[in-house]
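Following the UniProt record's numbering, the numbering of the sequence shown begins with 1 at its first residue and continues without gaps.
Comments concern the structure below.
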Amino acid sequence: VVDDNGGDIGLLVYLNGVFSAPSAGDGDIVKPVSAFYAKTTNKGGVGFNYAESGPSNTSKNLTTGWNLIGTNNAGLAKDELATIQNTEQTAGMVALHVPDVFNARKDFNHTVWGSDADKDLNANPVSGLPEKNLSVYDGYWVFMDSAKAFVKNL
1 VVDDNGGDIG
11 LLVYLNGVFS
21 APSAGDGDIV
31 KPVSAFYAKT
41 TNKGGVGFNY
51 AESGPSNTSK
61 NLTTGWNLIG
71 TNNAGLAKDE
81 LATIQNTEQT
91 AGMVALHVPD
101 VFNARKDFNH
111 TVWGSDADKD
121 LNANPVSGLP
131 EKNLSVYDGY
141 WVFMDSAKAF
151 VKNL
């Protein structure tokens, strides 16, 4: 992959507990609930191909331990992560980590996490999370007690 000015781009996705370079046509790179990072060696923009429409929902299988996720909706963290919460019936997310380095800049619709960033936030119960929005432009770490699918309607 090259950027608009001919520089190399390192593109990583977090899959099965490790960062890896996706291959062409890799379905995990196009899932809105997956987070990925692009690093360029040259100034300039990075172009993405995208579709105007897609499936009605998407999912990412989260494993026990830390998982990197993204979201397609800028809603409150407790609402966006409700489907993977730890309940009396099923184990799930018990902690959320919001990296401030990547979450420091927000557009006008988002809340800066400030003092709630860069630490493990107790997400058991999920309703105890800070009243702050997730951003569609950032990645988040969730700690899972057991495997569970993170499902989002698009």
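Heads up, the beta-carbon is just placed ideally off N, CA and C, and yes, glycines get one too.
Bear in mind that the values here come from a model prediction, so they are computed numbers and not experimental data.
Cβ-based burial, residue i [other Cβ within 10 Å; buried from 16]
i           : result
residue 123 : buried
residue 114 : exposed
residue 65  : exposed
residue 126 : buried
residue 61  : exposed
residue 89  : exposed
residue 77  : buried
residue 104 : Note that residue 104 has pLDDT 49, beneath the 50 cutoff, so the model's placement of it is unreliable and the number below is only indicative. Its Cβ having fewer than 16 others within 10 Å, residue 104 is exposed.
residue 108 : Only weak support is given to the placement of residue 108: the predicted model assigns it a pLDDT of 48, under 50, and the question is left unresolved by the model.
For residue i, the three-state DSSP class (helix, strand or coil)
i           : result
residue 115 : helix
residue 104 : Because the pLDDT of residue 104 is 49, which lies under 50, any placement of that residue in the model is unreliable, and the number read from its coordinates should be weighed accordingly. Looking at residue 104 - three-state DSSP - the assignment turns out to be coil, as it is neither helix nor strand.
residue 65  : strand
residue 120 : strand
residue 78  : helix
residue 179 : Not covered by the structure: residue 179. The range shown for the chain is 1 to 154.
residue 127 : helix
residue 58  : strand
residue 94  : strand
Beta-carbon spacing of residue i, residue j below 8 Å
i           : j           : result
residue 132 : residue 116 : yes
residue 152 : residue 63  : no
residue 146 : residue 92  : yes
residue 87  : residue 150 : no
residue 100 : residue 79  : no
Meets three-Cβ-pair contact criterion under 8 Å: the segment 54–69 and the segment 134–141: yes
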